[in-house]
Amino acid sequence: MSEQQDKQQPSLWQVAQSVLAALFGVQSSKNYQRDFQHGKPAQYIILGLIAVALFIGTLLGVVKLVMSLAMG
Numbered sequence: 076m077s078e079q080q081d082k083q084q085p086s087l088w089q090v091a092q093s094v095l096a097a098l099f100g101v102q103s104s105k106n107y108q109r110d111f112q113h114g115k116p117a118q119y120i121i122l123g124l125i126a127v128a129l130f131i132g133t134l135l136g137v138v139k140l141v142m143s144l145a146m147g
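So the number in the numbering used here is just where the residue sits in the sequence shown, counting from 1, plus 75.
Encoded structure:
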């Protein structure tokens with residue numbers, strides 16, 4: 076990543092990657108610094124809530140599928 080890219084606001088894709096990396100606990104220190112220096116908190120909060128909702132929805136779907144197969 077160039078110096079100019081480091082000084083500008085992260086793109087939506089970069090924010091999404093940071094949120095997913097944070098959920099798994101594998102965020103790089105370079106991206107961590109970029110996020111805190113140039114990112115808008117609202118973007119991370121909104122994408123984080125969406126990611127958690129999708130994760131919970133996926134878990135509920137898998138549990139319902141397994142339970143319906145076990146009862147069937």
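For every residue, glycine included, the Cβ atom is placed at its ideal position computed from N, Cα and C.
Model, not experiment: these values are computed from the prediction.
Asked, Found
"Own chain residues within Cβ distance below 6 Å of asparagine 106, not counting five before or after", "Ser93"
"Every unbroken alpha helix (DSSP H) inside the segment 87-121 [4 residues or more]", "87-99 and 104-113"
"Residues of its chain near phenylalanine 130, where Cβ-Cβ distance is below 8 Å and the 5 sequence neighbours each way are ignored", "Leu98"
"Residue from Val137, Pro85 and Val138 whose Cα sits closest to the Cα of arginine 109", "Pro85"
"Backbone secondary structure at glycine 147 - three-state DSSP", "coil"
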